Amino acid sequence: MTVSSQSSSKYPNHQSSENELLVRIAWLYYMEELTQAEIAERLNMSRIKITRYLKQARDRGIVQISIQSNNSNLLELESALSNRYNLKDVKVVMSTEPRQSQQRLLAQGASEWLVPRLESGLTIGIGLSRTLSYMPEFFRPKRKIQCDFTDIIGGVSGPASAMISLNITNQMAEICGGRPFRLLAPSVVSSKQAYEIILSEPVLNEVFQKAHRCDILFQSCGGVDKDALLYENKSLESDTLKYLSDNGAVGDILGHFVDIDGNPVKVPYDELIISISLEALQKVHLGVLVAGGQEKVKTIHAALKARYFNVLITDERTATEVLKI
């Protein structure tokens, strides 16, 4: 914080006299830390005038405010992303290696973002991703709060099935003192008949309906490659990946593939995915996309452009690349 008293003229005039007044008011407010009411009383002016003069002092450069922080670049990226995609909030964390360390840092950012927003009675949806699987490790609310935590997509099998044993939703609810609602079904089923049978079960249908009423929701996104969770899950074949790539798909959100503008790219199993829909995502009060990595840059852009999410948690390097699109 600096308050400059330099005048552009050596001769007294109206402008320099006014500047001197602005300098005096700014000094009392910023350097001596008087309140606006105290300054108004001392100078025999109205508080409204003091407020106006303080604004003029900033506008004319008499008062210059600088924030000294190693995180200034992160804050600039947050502001740029928020403005570009009209987001409700953005959190950018430092970029790091290896990949697992980055996922943990993103999960920490997501958990820390959630804690101050917890309120009794909220329903919080938790998606399925490697990154989100680390959230319970960093989730430390200061007190017990009666929130409901619900799955918003079925589970996986295959190499990625280790995440199922983590029971992300259960762990978050236990830490918070809330209730877990588990969607104990595959994320992709084999037929429309299987889909209907599973969701006709009252317990599963209750969870599925609750997933559509989330107040806050966390989900990541994937690319169109063999590292995709759905490919590891064996829900996607190599031929399907090629078809998706050839037809403009850039990645998936809750198993639904989208193009660079966020438009759905249809595949035969779309109606077999046990998760909330893309349309339902757009209606969530706070939909939080937690994602980072070069392979997800286009999907992040697509997801934000189509308004599937209104909050973003990502890393510095990814944020920079997203803004280049």
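Just so we're aligned: the sequence shown equals residues 2 to 326 in the working numbering.
Glycine included, each C-beta is placed from N, C-alpha and C at the ideal position.
The structure displayed is predicted, hence computed values, not measured ones.
Residue range of the alpha helix (DSSP H) that residue i falls in?
i, result
"Asp240", "Ser239 to Asp247"
"Gln172", "Ile169 to Cys177"
"Pro137", "Met136 to Phe139"
"Leu82", "Ser73 to Tyr86"
Less than 8 Å between the C-beta atoms of residue i and residue j, yes or no?
i, j, result
"Asp152", "Arg118", "no"
"Tyr30", "Ile40", "yes"
"Ser121", "Ile154", "no"
"Cys215", "Thr124", "yes"
"Ala1", "Ile275", "No answer is possible for residue 1: the residues shown for the chain start at 2 and end at 326."
"Val93", "Leu107", "no"
"Leu88", "Val312", "yes"
"Ser96", "Glu317", "yes"
"Leu55", "Ala27", "yes"
"Thr132", "Gln104", "yes"
"Glu113", "Lys193", "no"
"Arg25", "Gln37", "no"
"Ser134", "Ile169", "yes"
"Leu218", "Gly126", "yes"
"Leu282", "Gly288", "yes"
"Gln220", "Gly128", "yes"
"Gln57", "Leu23", "yes"
"Pro142", "Val116", "yes"
"Tyr196", "Ile254", "no"
How is residue i classed by DSSP in three states: helix, strand or coil?
i, result
"Ser96", "coil"
"Ser276", "strand"
"Ile261", "coil"
"Gly156", "strand"
"Leu35", "coil"
"Thr300", "helix"
"Ile199", "helix"
"Arg53", "helix"
"Met46", "coil"
"Val319", "Note that residue 319 is Thr in the sequence shown here, rather than Val. It is helical."
"Asp149", "strand"
"Asp90", "strand"
"Pro142", "coil"
"Asp271", "helix"
"Arg61", "coil"
"Leu324", "coil"
"Leu255", "coil"
"Lys306", "helix"
"Val312", "strand"
"Arg25", "helix"
"Arg180", "strand"
"Ile165", "In this prediction, Ile165 has a pLDDT of 48, which is less than 50 and means its spatial position is unreliable; what the coordinates show is noted afterwards. If DSSP states are grouped into helix, strand and coil, Ile165 belongs with the helices."
"Asn20", "helix"
What distance in whole Å lies between the Cβ atoms of residue j and residue i, which are believed to be in contact at a cut-off of 8 Å?
i, j, result
"Gly343", "Phe150", "In this structure the chain extends from 2 to 326, so residue 343 is not present and cannot be described."
"Gly263", "Val225", "With 8 Å as the limit, Gly263 and Val225 do not qualify as a contact, their Cβ atoms being about 14 Å apart."
"Gly293", "Thr321", "Rounded, the Cβ-Cβ distance is 11 Å, inconsistent with contact."
"Ser188", "Gly256", "6 Å"
"Leu290", "Ile301", "7 Å"
"Asp260", "Ala303", "7 Å"
"Tyr86", "Lys306", "7 Å"
"Val266", "Leu242", "In fact, because the Cβ distance is near 12 Å, the residues do not count as touching under 8 Å."
"Asn20", "Ile51", "Not a contact, Cβ separation roughly 16 Å."
In terms of residues, what are the limits of the beta strand (DSSP E) holding residue i?
i, result
"Gln210", "Premise fails: Gln210 lies in the alpha helix (DSSP H), Pro203 to Ala212, not in any beta strand (DSSP E)."
"Ile125", "Thr124 to Ile127"
"Val116", "Unbroken run through Val116: none, as it is neither H nor E."
"Gly293", "Premise fails: Gly293 is in no beta strand (DSSP E) and is neither H nor E."
"Pro187", "Premise fails: Pro187 is in no beta strand (DSSP E) and is neither H nor E."
"Ile217", "Ile217 to Gln220"
Between residue i and chain B, is any beta-carbon pair separated by less than 8 Å?
i, result
"Ala111", "The structure shown contains no chain B; it holds only a single protein chain."
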